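These notes concern the structure reproduced below.
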Amino acid sequence: MTESEFLALAEAVLTQVEAAVEAVVDDSDVDIDCERTGNVLTLEFDDGSKIIVNVQTPMSEIWIAARSGGFHFRLKGDKWRDTRDDSELFEALSRFASQQAGETVTLESA
7 MTESEFLALA
17 EAVLTQVEAA
27 VEAVVDDSDV
37 DIDCERTGNV
47 LTLEFDDGSK
57 IIVNVQTPMS
67 EIWIAARSGG
77 FHFRLKGDKW
87 RDTRDDSELF
97 EALSRFASQQ
107 AGETVTLESA
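In this text, residue positions in the sequence shown follow our numbering: the first is 7, and each later residue adds one.
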């Protein structure tokens, strides 16, 4: 995969995550502020904790920093998978957001 192909795919994922967070906020009582600056998406929760989703172009990965740790996702087939436990990005991000929000948060890809 070329760098430009990776960047296009990563851009699409960040856009999907942003849209999924906005949908959850609109459809529930959970309060998550979402802010994007370039290739970095920051989710901030009521308690001030954050989840950072960012693009790591040299590694062709998407990294997530959450209260529970740091996670690296690489494209396998058509899904972004954790390089350690093979969990899917949106499933993992839903788990992290639920932990930090203190309630169930289900983020779905478009």
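Beta carbons: idealized from backbone N, C-alpha and C, even for Gly.
Being a predicted model, the structure only gives us computed values, none of them experimental.
For residue i, which three-state DSSP category applies?
{"i": "residue 90", "result": "coil"}
{"i": "residue 81", "result": "strand"}
{"i": "residue 36", "result": "coil"}
{"i": "residue 11", "result": "helix"}
{"i": "residue 41", "result": "strand"}
{"i": "residue 112", "result": "coil"}
Report, in whole angstroms, the separation of the C-beta atoms of residue i and residue j, which I expect to be a contact under 8 Å.
{"i": "residue 46", "j": "residue 113", "result": "Wrong, their Cβ atoms sit about 17 Å apart, outside the cutoff."}
{"i": "residue 63", "j": "residue 12", "result": "7 Å"}
Please go through the same chain and pick out, in chain order, the residues whose beta-carbon is closer than 6 Å to the beta-carbon of residue i, but skip the five residues on each side of it.
{"i": "residue 3", "result": "Outside the displayed range of the chain (7 to 116) lies residue 3, so it cannot be described from this structure."}
{"i": "residue 78", "result": "67, 69 and 89"}
{"i": "residue 71", "result": "58"}
{"i": "residue 99", "result": "113"}
Would you kindly work out how many angstroms separate the C-alpha atoms of residue i and residue j, rounded to a whole number?
{"i": "residue 48", "j": "residue 19", "result": "14 Å"}
{"i": "residue 86", "j": "residue 103", "result": "17 Å"}
{"i": "residue 33", "j": "residue 59", "result": "22 Å"}
{"i": "residue 8", "j": "residue 35", "result": "41 Å"}
{"i": "residue 15", "j": "residue 53", "result": "32 Å"}
{"i": "residue 65", "j": "residue 17", "result": "15 Å"}
{"i": "residue 44", "j": "residue 74", "result": "24 Å"}
Within a Cβ cutoff of 7 Å, which residues of the same chain sit near residue i, ignoring the five residues on either side of it in sequence?
{"i": "residue 107", "result": "36, 38 and 51"}
{"i": "residue 109", "result": "36"}
For residue i, collect the residues of the same chain with a Cβ closer than 8 Å to its Cβ; drop the 5 residues on either side in sequence, then sort them by chain order.
{"i": "residue 42", "result": "20, 24 and 48"}
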